[in-house]
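Student:
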Amino acid sequence: MQNKQQLEPEGMYHIYNRANGHEQLFLHAENYRFFLEKYQHYISPIAQTRFYNSSKVWNFGRVVKAE
Numbered sequence: 004m005q006n007k008q009q010l011e012p013e014g015m016y017h018i019y020n021r022a023n024g025h026e027q028l029f030l031h032a033e034n035y036r037f038f039l040e041k042y043q044h045y046i047s048p049i050a051q052t053r054f055y056n057s058s059k060v061w062n063f064g065r066v067v068k069a070e
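The sequence shown begins at 4 in my numbering and counts up by one.
1. I think A22 touches L28, with their Cβ atoms under 8 Å apart; what is that distance to the nearest whole Å?
2. Which runs of the beta strand (DSSP E) spanning at least 3 residues fall entirely within the region 10-59, listed in chain order?
3. Rounded to a whole number of angstroms, what is the C-alpha to C-alpha distance between F38 and I46?
4. When you compare only the Cα positions, how much space is there between E2 and H25?
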């Protein structure tokens, strides 16, 4: 079953970095790097991306605001 919901302009979406059941999504560092390369190529040109890690907000790998 495919999810055919379309992303809306100006929408906000939360993308998780884990699989079902809190399993690890990327088993190897090279898998994560591959994902980030594809994400940067396809998504970064059309969307603003922020990463949340502890008390810091990251903008695709760069700290933009500390909480």
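Positions of the beta carbon are idealized from the N, C-alpha and C atoms, including for glycine.
Tutor: Let me lay it out:
1. 5 Å
2. 54-56
3. 11 Å
4. This structure cannot speak to residue 2, because the chain is shown only from 4 to 70.
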